[in-house]
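Working notes for the structure below.
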Amino acid sequence: MELTALALRSAAPETPPLFPSSSSNRTNRPTPSQYSAQARFNRENATMGHRIKRVWNRIPTQIVMKGQVMADFMLEYSQRPSQHHESSKQEWWTLRVDGASRSSGSGVGLLLQSPIGEHLEQAIRLGFSASNNEAEYEALLSGLDLALALSVSKLRIYSDSQLVIKHVQEEYEAKDARMARYLAKVRNTLQQFTEWTIEKIKRTDNRRVDALAGIAASLPIKEAILLLIHVQTSPSVTETST
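Just so we're aligned: 195 in full-length UniProt numbering is position 195 of the sequence shown, and the numbers increase by one with no gaps anywhere.
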């Protein structure tokens with residue numbers, strides 16, 4: 001039986017913080033060792049622990065608030081040799097995003113892949129009313145923020161939203177005031193990367209993040225949860241012989 005751990009969070013403005021204090025004072029913030037990776041972290045020597053702490057402290061507060069999945073990924077990634085860690089940030093990373101708006105709510109899904117194939121996936125339920133196009137923009141902005149938190153400098157972005165892609169590529173004009181504000185924020189965020197590309201892909205080629213967005217949009221949650229998805233490889237009953 002295979003098992004996938006999926007972390008979902010709610011982006012509702014009224015959602016209480018995942019940490020005890022919302023203060024920007026980082027001394028009050030739980031360290032990654034307080035999470036499920038406690039045992040693994042404790043096996044590392046003092047030098048490794050110091051490097052993890054430095055990486056953790058560089059994460060912007062708004063990204064830290066996105067939950068334990070971020071902390072676990074940062075812990076895992078920071079345990080790699082420093083030379084490899086630093087050089088990979090100068091190579092091309094890949095980001096796939098998707099947004100979904102349904103009668104049950106709205107959500108976004110994203111998948112960030114490192115140059116050597118490491119994956120970080122997130123499903124985010126939007127705790128506010130959002131159109132499908134707004135959800136697509138929210139997905140893109142969440143993915144960009146995540147990449148920046150990992151000090152990514154080169155990013156290839158893929159989305160199945162023609163409107164968002166054409167807006168960013170300046171082929172379509174954002175006539176709606178709200179879309180114009182989203183576009184301005186995306187362009188401002190993209191300036192923080194050394195190099196970036198954005199490309200439209202078929203929805204069939206974006207199924208994984210589409211599924212993440214769909215799950216987030218369907219679950220009526222108001223705070224982050226950890227959802228374990230099992231893969232049952234055989235039926236519970238067997239065929240009887242005739």
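A virtual CB, placed ideally from N, CA and C, is assigned to each residue, including glycine.
These figures come from a predicted structure and were not determined experimentally.
Start and end residues, beta strand (DSSP E) containing Gln122: His119 to Leu126
Sufficient close CB pairs (3 or more, under 8 Å) joining the segment 127-142 to the segment 158-170: yes
Residue environment, Gly117, which counts as buried when at least 16 other CB atoms sit within 10 Å: exposed
Buried versus exposed, by CB contacts within 10 Å (16 or more), Asn188: exposed
Integer-rounded CB distance, given that Val209 should sit under 8 Å from Val186: So it is not a contact: roughly 17 Å between Cβ atoms.
Leu150, DSSP secondary structure in three states: Coil, per DSSP.
Residue environment, Ile229, which counts as buried when at least 16 other CB atoms sit within 10 Å: exposed
Cβ-based neighbour list, Pro235, same chain, cut-off 7 Å, excluding 5 preceding and 5 following: none
C-alpha gap between Glu121 and Leu112, whole angstroms: 6 Å
Beta-carbon gap between Leu148 and Gln192 smaller than 9 Å: In contact: Leu148 and Gln192 (Cβ atoms closer than 9 Å).
Exposure label - Ser103; buried when at least 16 CB within 10 Å: By the 10 Å Cβ count, Ser103 comes out exposed.
Proximal residues to Leu183 (C-beta, below 6 Å), its chain only, five neighbours per side dropped: His167 and Ala174
Alpha-carbon spacing of Leu155 relative to Asp145, whole angstroms: 12 Å
Best match in Val108, Arg96 and Trp92 for proximity to Ile215 [C-alpha to C-alpha]: From the listed residues Val108, Arg96 and Trp92, the smallest Cα separation to Ile215 is found for Val108.
DSSP state of Gln113 mapped onto helix, strand, coil: strand
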